[in-house]
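One structure is given here, and the rest of the page talks about it.
Residue numbers (our numbering): 315 to 410.
Written out as structure tokens, the structure is:
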């Protein structure tokens, strides 16, 4: 009976050791995956930072362009007003 108990104990110990090795292998694989995910996350964070910087650049460019358009629209409005005044003056001269 003692022999059977000892055999059973050895079997369980061996089985536990195998299960521990399997668990350790799984843990190591998971650690590797975690490192891969960390690297991917860091890469994504850098890409987001770059995109945000580019976005700010394009916002500034858009504001400059809108300002230039506004200035040109104002100048064109003044030109149209002056052309009308000249046309009115020429028409007045033609009538005289």
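We put the CB at the ideal spot given by N, CA and C, even for glycine.
Inter-residue spacing [alpha-carbon to alpha-carbon] between residue i and residue j
| i | j | result |
| --- | --- | --- |
| residue 360 | residue 373 | 20 Å |
| residue 323 | residue 345 | 32 Å |
| residue 351 | residue 358 | 10 Å |
| residue 329 | residue 368 | 58 Å |
| residue 335 | residue 321 | 21 Å |
| residue 409 | residue 375 | 51 Å |
| residue 397 | residue 384 | 20 Å |
| residue 339 | residue 319 | 30 Å |
| residue 387 | residue 348 | 57 Å |
| residue 379 | residue 394 | 22 Å |
| residue 381 | residue 342 | 58 Å |
| residue 390 | residue 407 | 25 Å |
Own chain partners of residue i with C-beta closer than 8 Å, once the 5 adjacent residues on each side are dropped
| i | result |
| --- | --- |
| residue 337 | none |
| residue 364 | none |
Inset, instruction - Report the residue ranges of all beta strand (DSSP E) runs contained in full by the region 333 to 393; include only those spanning at least 3 residues, in chain order. - result: DSSP assignment within the region 333 to 393 yields no whole beta strand (DSSP E) run of 3 residues or more.
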